[in-house]
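Here is the structure we will look at.
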Amino acid sequence: MTALSIEDQLKEQIQRAARELECPKDLSERVWESSRRHIGQTSVPRKPSGQTRLFRKAALACAAAFLLTAAVIASGFVSPVMAETLGKLPFVQNIFRLAGDFGLQSAVDKGLVKEMRISDTRNGFTLSAVQVLYDGTRASVALQLDEAGHPASLFSPVKDNGIVQQPSKGKGSFNRLEAQIRGAKGNVAWVLGPGADASSAIVTVSVASDESTRRPAMPDQYTLSLEISLNGIHEPFQLDIPVRKNTSNRVLSLNTGKTFGKLSWKLDEMESSPVSTRLFLQTSGMTADGREMYFDVVDEQGNEAGWIDIYRYRLQDGRKQLDLLYEPLAADTRSITIKPFLYVYKDAPDNRIAEIDSHGNWTKEYIPELQLTIPLQKQ
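Here you go:
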């Protein structure tokens, strides 16, 4: 595994930019060499003509973009504002902004994302961790795969309808992953999702419940070790990523809920950060056909918080504890409404094939008698 120097990162960015912008093959080397010396001494060329002028304009545009990136990255400091600017350039890919959930995109805007370049190379393939974000509940890492300096297929992109395409099984495509926190597997759980294109992906790591207690707390600072195996490459890639919590989380003890018939739920606690919203709920009862409750969360404007993950475990008295993780709510949210629902299945209870709505989502049956609006501002 290699943590690239600023100089190596800069040279790699310049070479990548030359390919993506279709500049002359040797231009990246020329710009790199000139930027190592100085930028100051220039002369005004005579007015070129025809095709030469067109070429020179393109070359100057490419060189200007390279030198802008070079000057910023080589300075050793990238402010949130400058990171935002660079993330919009075509050769500086901001995977969280382009492919992340609302929480990751919001974190980019707030300057909470750490940019990095921690890499490991096997058989001509280089796998890099390029962004990391951690709010104490989930750690998200953006991965980028290159083969001999060119983007390689790591993970299938998402279709226009939001469904992930059939996973690629070609050389370099994802095979398996093992995640450790401080060298221990424990109850570490992970989810791999699509990135900005086929050469990138986003790994989300959290700590799972052991089905008898709630999800344990994660440390504020640790080394996240990812061992990633790719198809067609014998040796796994090893990435050791420093992770540090950099959000201020708000925890509310609420102890409120609702009952209707044989179904009931109670919200014990809510934890919110700029990156996620976490609810601890207890439920009891189920429907006659054996279906269990799930929960949507909306703010006072009707904006629904997207799901990230869910853990469920049974308490000794038969109730169930749910540890639910959602995308973040806006900082000025005045209230939330908990909306319990049941998934609709074809020919339930014998058939557990979900009904699909017109948008390709599982059909939900809301239970209005169990909905509850909870004020937040005075908590």
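Read left to right, the sequence shown gives residues 1 to 379 (UniProt numbering).
Where is the CB? At the ideal position from N, CA and C, for every residue including glycine.
These numbers were taken from a predicted model, which means no experiment stands behind them.
Through-space distance from residue j to residue i, alpha-carbon basis
| i | j | result |
| --- | --- | --- |
| residue 193 | residue 234 | 23 Å |
| residue 327 | residue 126 | 31 Å |
| residue 97 | residue 293 | 33 Å |
| residue 136 | residue 267 | 21 Å |
| residue 170 | residue 249 | 42 Å |
| residue 347 | residue 367 | 20 Å |
| residue 130 | residue 318 | 44 Å |
| residue 103 | residue 109 | 10 Å |
| residue 351 | residue 357 | 17 Å |
| residue 259 | residue 117 | 51 Å |
| residue 289 | residue 244 | 45 Å |
| residue 182 | residue 195 | 26 Å |
| residue 124 | residue 151 | 12 Å |
Beta-carbon proximity check, residue i vs residue j, cutoff 9 Å
| i | j | result |
| --- | --- | --- |
| residue 402 | residue 310 | Residue 402 is absent from the structure shown; the chain starts at 1 and stops at 379. |
| residue 295 | residue 323 | no |
| residue 287 | residue 342 | yes |
| residue 402 | residue 188 | Outside the displayed range of the chain (1 to 379) lies residue 402, so it cannot be described from this structure. |
| residue 198 | residue 153 | yes |
| residue 200 | residue 99 | yes |
| residue 119 | residue 252 | no |
| residue 241 | residue 225 | yes |
| residue 364 | residue 246 | no |
| residue 302 | residue 372 | no |
| residue 112 | residue 275 | yes |
Residue i in three-state terms, based on DSSP
| i | result |
| --- | --- |
| residue 146 | strand |
| residue 106 | helix |
| residue 300 | coil |
| residue 327 | coil |
| residue 99 | helix |
| residue 368 | helix |
| residue 126 | strand |
| residue 376 | coil |
| residue 240 | strand |
| residue 194 | strand |
| residue 268 | strand |
| residue 232 | coil |
| residue 251 | strand |
| residue 206 | strand |
| residue 291 | coil |
| residue 309 | strand |
| residue 353 | coil |
| residue 438 | Residue 438 is absent from the model: the chain starts at 1 and stops at 379. |
| residue 135 | coil |
| residue 284 | strand |
| residue 344 | coil |
| residue 155 | coil |
| residue 337 | strand |
| residue 201 | strand |
Candidates the options: closest to residue i by CA position
| i | options | result |
| --- | --- | --- |
| residue 148 | 122, 170, 142, 133 | 122 |
| residue 336 | 361, 220, 254 | 254 |
| residue 361 | 345, 128, 179, 109 | 345 |
| residue 180 | 196, 201, 172, 219 | 219 |
| residue 172 | 143, 244, 246 | 143 |
| residue 237 | 178, 262, 277 | 178 |
| residue 332 | 128, 352, 273, 228 | 273 |
| residue 145 | 133, 263, 174 | 174 |
| residue 387 | 308, 284, 184 | The structure shown does not extend to residue 387, since the chain is modelled only from 1 through 379, so no value can be given for it. |
| residue 261 | 291, 285, 275 | 285 |
| residue 223 | 124, 376, 133 | 133 |
| residue 339 | 313, 321, 305, 355 | 305 |
| residue 186 | 196, 217, 290 | 217 |
| residue 282 | 298, 231, 291, 263 | 263 |
| residue 184 | 207, 314, 176 | 207 |
| residue 229 | 176, 112, 278 | 176 |
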